[in-house]
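Protein chains in written order, with the numbering used here: chain D, 44 to 411; chain H, 9 to 272; chain Y, -14 to 263.
These notes are about the structure you will find just below.
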Amino acid sequence: MASLELKQLTKKFGDFTAVDSMDLQVADGEMIALLGGSGCGKTTTLRMIAGFTEPFSGSILVDGKDVAGIPAYKRNIGIFFQNYALFPHMTVFENIAFGLKIQKLPKAEIAERVSEMLELVKLYGMEKRYPRELSGGQQQRVALARALVTRPSILLLDEPLSNLDAKLRVEMQVEIKRIQKELNITTIIVTHDHEEAVSLADRVIVMNAGRILQVGTPKEVFDDPNSAFVADFMGFSTFIKGSVKLELPDRLIVECSGHDLSVKRSVRDDLREGDNCILAIRSENIAIVPEDNMENRFVSGSNEIYAQENIVKGRVESITYKGHSTRVEVSGCFEENVYPAPNDYTGPGAGGELRLYFPSDKLCIYKN
Amino acid sequence: MRDKRSNPFCMIVAVLIMLFLVAPLVVIVIASFTPTALITFPPKGFSLEWYGNIFSKSNNFVSGLLNSLKIGLGATVLDIFIGVTAALSICRYDFKGKNILLNYFTSPMYVPSVCFAFVLLQVYSQVGRVPGWARIFIGHFIIILPYIVRNTVSVLHVFNWTLEDAATSLGANPVQVFFKVTIPLAKPGILAGALLAFLYSFDEVALSSLLSTPRFVTLPIRIMNYMEMSFDPTLAAISTLLILCSLILMLLMEKFVGLDMFMR
Amino acid sequence: MERKRSAVLLALPAALSLLIFFVCPMVFIFLKTIAENGLSDFVDFFTDPFYLDILWTTFRVSLVSTLVSLILGYPTAYYMARTKSRLKNVMMIIILFPFLVSAVVRSYGWMVILGKNGLLNQLLQGIGLIKEPLEILNTETAVIIGMIHLLIPYMIMSLIGVLQSIDPNVEYAAQSLGASPLETFVKVVFPLSLPGIISGCVLVFTMSMTSYVTPKLLGGSKFRMMATMVVQEINVNFDWGAASAISYILMAAILVCQALIVFGSAGYMKRMGGGKNA
Chain D
44 MASLELKQLT
54 KKFGDFTAVD
64 SMDLQVADGE
74 MIALLGGSGC
84 GKTTTLRMIA
94 GFTEPFSGSI
104 LVDGKDVAGI
114 PAYKRNIGIF
124 FQNYALFPHM
134 TVFENIAFGL
144 KIQKLPKAEI
154 AERVSEMLEL
164 VKLYGMEKRY
174 PRELSGGQQQ
184 RVALARALVT
194 RPSILLLDEP
204 LSNLDAKLRV
214 EMQVEIKRIQ
224 KELNITTIIV
234 THDHEEAVSL
244 ADRVIVMNAG
254 RILQVGTPKE
264 VFDDPNSAFV
274 ADFMGFSTFI
284 KGSVKLELPD
294 RLIVECSGHD
304 LSVKRSVRDD
314 LREGDNCILA
324 IRSENIAIVP
334 EDNMENRFVS
344 GSNEIYAQEN
354 IVKGRVESIT
364 YKGHSTRVEV
374 SGCFEENVYP
384 APNDYTGPGA
394 GGELRLYFPS
404 DKLCIYKN
Chain H
9 MRDKRSNPFC
19 MIVAVLIMLF
29 LVAPLVVIVI
39 ASFTPTALIT
49 FPPKGFSLEW
59 YGNIFSKSNN
69 FVSGLLNSLK
79 IGLGATVLDI
89 FIGVTAALSI
99 CRYDFKGKNI
109 LLNYFTSPMY
119 VPSVCFAFVL
129 LQVYSQVGRV
139 PGWARIFIGH
149 FIIILPYIVR
159 NTVSVLHVFN
169 WTLEDAATSL
179 GANPVQVFFK
189 VTIPLAKPGI
199 LAGALLAFLY
209 SFDEVALSSL
219 LSTPRFVTLP
229 IRIMNYMEMS
239 FDPTLAAIST
249 LLILCSLILM
259 LLMEKFVGLD
269 MFMR
Chain Y
-14 MERKRSAVLL
-4 ALPAALSLLI
6 FFVCPMVFIF
16 LKTIAENGLS
26 DFVDFFTDPF
36 YLDILWTTFR
46 VSLVSTLVSL
56 ILGYPTAYYM
66 ARTKSRLKNV
76 MMIIILFPFL
86 VSAVVRSYGW
96 MVILGKNGLL
106 NQLLQGIGLI
116 KEPLEILNTE
126 TAVIIGMIHL
136 LIPYMIMSLI
146 GVLQSIDPNV
156 EYAAQSLGAS
166 PLETFVKVVF
176 PLSLPGIISG
186 CVLVFTMSMT
196 SYVTPKLLGG
206 SKFRMMATMV
216 VQEINVNFDW
226 GAASAISYIL
236 MAAILVCQAL
246 IVFGSAGYMK
256 RMGGGKNA
């Protein structure tokens, strides 16, 4: 168990800067996620922590001690690889025991610790099988057990859920979290999937082009991204351009294609009257106002809404049924099309008109 | 059940080709048991006389076999060391000119072995006093290297290098990673390459016929020399034994590494 | 960089061995031959019909062997790539097995079959088809038969690799669009298998150009190809000058032929976006 600190960590490949002066502190036992698209530097960061590549400059401190110069095989960092990287020529037992055999522990102790691990990942009785004889979920458990059995000070997880189907994902998500809390091990997850990051980590670090864009709790990052880029990455689907018409103490009035929208002010906005801006909102937060309800008092999801403002008329372009929700493409509200996604859509078909409500506290505003 | 995809014409050709491929081998095996010096079909009786003849001293087949084994095994073992390291250098690291280096390592394949043998012959005549075994050994050592490099590269080409990282993260130092992970996984390719290389050396004629000295002759040359003197079924007997050895080798390979290793 | 250093260290033993025992001798002897004999041996070669005939024979035998291997190997490979029958495994073993059996042994088998008192003549005379034994052994025909036997497995292996990688649904697609089986083959399967055809042909052609055992054993003393001629010049005629001219011309001929095959097909391959497998 250890704390981890990155100080001005930088990695260059030729002229390309993969990681740019990155600063980060991870507390003992904390689980953080590095979230970003491909090429954002998250994997390079992981490889530097593991010791597979040397930083260009800056330092990595584990428990306050600089690990520069310590070869990868002496760092005692457990890694869960994206494609598991199980040794195909070894059984489950041999895979898990590999690290212990390298440490030349007595046989009895190896057997005991491996079976402890098998119990932890719920794979008891599988030790004689080869990786190719296991399902994806089982392989993943073996990989996790193998990474943990040497009692590493830090655990690195590279895209831990990306190769699993939806059902297994949820199961493994719970499992990884349970094991991490049980062992109280400092853990870093690298992922491009915001749901994976948000569901697993205590803290999410959003990266792009080698830099950290936002650090926050999953809820903060999910509900209140600090830039349009992060919002896009976190799954916001509707973006509306506009300009600030009026500044009020608790909200801004933004004019978007002739409609006025009221937006709750956030702590960080420094927008002034006349500034161009972008509004972002999640599909599921756009409500559809029933046509017959002139008072604008209606139920959307589990909330009762009494809307006085931020209602805009539009025309349905297309409707895509997606199982748990319905994606509706609506044009004519603003210059941009918007995409509400109600759970249960009963409105007009393509070509029909409908009214949409954009709750002012769900709209995020960014300078453009 | 009839297979819709296969066309009867293709099947007939395929079967005929298989018969064509097997025919001479079957003929040799049958001929080896003929009691008469002239091979006739069907054989008039059954005899193991010619097998005994293989071991008669005057024919020197046994000494030829030993020479061939010494050269073949020695060259193969040495080439496994330098060929596997060469393949690793190409596959593990990413650098410009990898392909040039691979072509360099496999270049002896592109030179006819007769031509290379002649070049060596001229070099030996300049150097003088090169022992008989060394004359052939150097030639075989070079011409079989490409087989080992190529087969090892073909496994390492699809090798999952993350496995090395995984072993490293579990505390294995580079030497342990190499012997516990890399080599065991590359073994099928190395073995297949080594087998092909050994057989190439064991069966090699063109180079050996130019470089052998009267005191150091390999088995295939002994067999060819024997053919020039006599054409009795001793040749069939020794050929049958060689076919048998190949069959055993092939079955062993299938058991341990699988035949698809040879199809790269 | 440490990685670079380890790459160099790993490559070094093989690189040095090749340099000392292969590259240096080849270059040294080439320069020495040119320096001592000039080009007179090369001139002799190209002005003597005896030698030119050997070159032409070598080329002819190789070409015929390659084409026959392709024509007979293609249907075989196609069947093996597409069939699901158990026969496939047996065939695979039959094709691989000759790889492991010495060319001397295989040629010997053909000598027993094709000889004057061989199996074939005994058989034909036995059923009364011929009176006098056929002269097949020690002719070009025997050499070509032996050569095909030796090399057709290589052709089939190259073709199977490519044919297996062609999605059978592509053929079904062509047929569903109205192409007859023949059109499907000509317009779809054949172009897609071209990389395998080319690599197979280059391999078989090169191997037959340089083959030594087969022409020596099946062609007899009067039949000469380039490789057997090199050995004859050295061991029988003791004419090293002629031997080196022949061996360098052989190497050059192979390079030229390979280049012609590869570049001749390069334009076509590029158009269909293939060529990586060749």
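We put the CB at the ideal spot given by N, CA and C, even for glycine.
Cβ-Cβ distances below 6 Å link D/E327 to A384 in the same chain, with the five nearest sequence neighbours on each side left out; the list follows chain order. Of the candidates H/N233, H/L215 and H/S177, the residue whose Cα lies closest to the Cα of D/R90 is H/S177. One finds A22, V23, I25 and M26 in chain H with Cβ atoms closer than 9 Å to the Cβ of Y/M76, taken in chain order. Judged by beta-carbon spacing, D/Y127 lies within the 7 Å limit of D/Q182, meaning their Cβ atoms are closer than that value. Y/I141 is positioned such that its CB atom lies closer than 7 Å to that of Y/A62. If you ignore the 5 residues before and after Y/P83, its C-beta comes within less than 7 Å of the C-beta of R91 and P138, all in its own chain and listed in chain order. Using a C-beta cut-off of 8 Å, the segment 192 to 201 of chain H makes contact with the segment 84 to 99 of chain H, since at least three inter-stretch Cβ pairs fall below that distance. Taken in chain order, the complete alpha helix (DSSP H) segments of 4 or more residues contained in the segment 84 to 171 of chain D are 85 to 93, 135 to 145 and 150 to 163. Contact fails between the segment 124 to 139 of chain H and the segment 66 to 79 of chain H, because fewer than three Cβ pairs, one in each stretch, are under 8 Å apart.
Counting C-beta pairs closer than 8 Å gives three or more between the segment 118 to 135 of chain Y and the segment 195 to 207 of chain Y, which meets the contact rule. Look at D/Y409: its C-beta is not under 7 Å from any C-beta on chain H.
About 16 Å separates the beta carbon of H/G140 from that of H/S209, a gap too long to meet the 8 Å contact definition.
H/A194 has a beta carbon lying at 7 Å or more from every beta carbon in chain D.
Every beta strand (DSSP E) of 3 residues or more that sits fully in the segment 244 to 284 of chain D is shown, in chain order, as 246 to 251 and 254 to 259.
Contact note: D/Q146 reaches chain H through G179, using a C-beta cutoff of 8 Å and chain order.
With its beta carbon at least 7 Å from every one in chain Y, H/V161 lies outside the interface. Within the segment 186 to 222 of chain H, the runs of alpha helix (DSSP H) at least 4 residues long that lie entirely inside it are, in chain order, 191 to 211 and 214 to 219. Chain order gives the chain D residues near H/T176 as A115 and Y116, where near means a beta carbon separation below 7 Å. Residue-level contact check: H/M258 touches chain Y, since one or more beta carbons of chain Y fall below 7 Å from its beta carbon. Our two residues, D/G394 and D/C376, have alpha carbons roughly 14 Å apart in a direct line.
Contact between Y/T43 and Y/V189 does not hold, since the beta-carbon distance rounds to 14 Å and is not under 8 Å. In chain order, R294, L304, S305, V306, K307, E352 and N353 place their CB closer than 8 Å to the CB of D/S403, counting only its own chain and leaving out the 5 sequence neighbours on each side.
Relative to D/L399, the option among D/G72, D/N411, D/N386 and D/Y382 whose CA is nearest is D/Y382. D/Q146 is classed as exposed because its beta carbon has fewer than 16 other beta carbons within 10 Å across all chains shown. Across the set D/I248, D/H235, D/P203 and D/R194, the C-alpha of D/R194 shows the shortest separation from the C-alpha of D/N227. For Y/L135, not one C-beta of chain H is nearer than 7 Å to its own C-beta. With contact defined as three or more Cβ pairs closer than 8 Å, the segment 209 to 225 of chain Y and the segment 172 to 189 of chain Y are not in contact.
Selection D/G94, D/T86, D/K356 and D/G179 evaluated against D/P114 yields D/G94 as nearest (Cα-Cα). Within chain H, not a single residue places a beta-carbon under 7 Å from that of D/P174; the smallest gap is close to 11 Å. According to the DSSP assignment, D/N319 belongs to the beta strand (DSSP E) that extends over N319 to I324. Among the residues facing chain Y, H/P116 is included, as its CB has a counterpart in that chain under 7 Å away. The Cβ-Cβ distance between D/L47 and D/V110 does not fall below 7 Å. Distance from Y/T195 to Y/A212 at the Cβ level is roughly 6 Å; contact confirmed, criterion being Cβ atoms closer than 8 Å.
Under the three-state reduction of DSSP, D/I408 is assigned to strand. Where D/H302 is concerned, the enclosing beta strand (DSSP E) starts and stops at H302 to K307. Close to D/P131, with beta-carbon spacing below 9 Å, are these residues of chain H in chain order: N168, L171 and L193.
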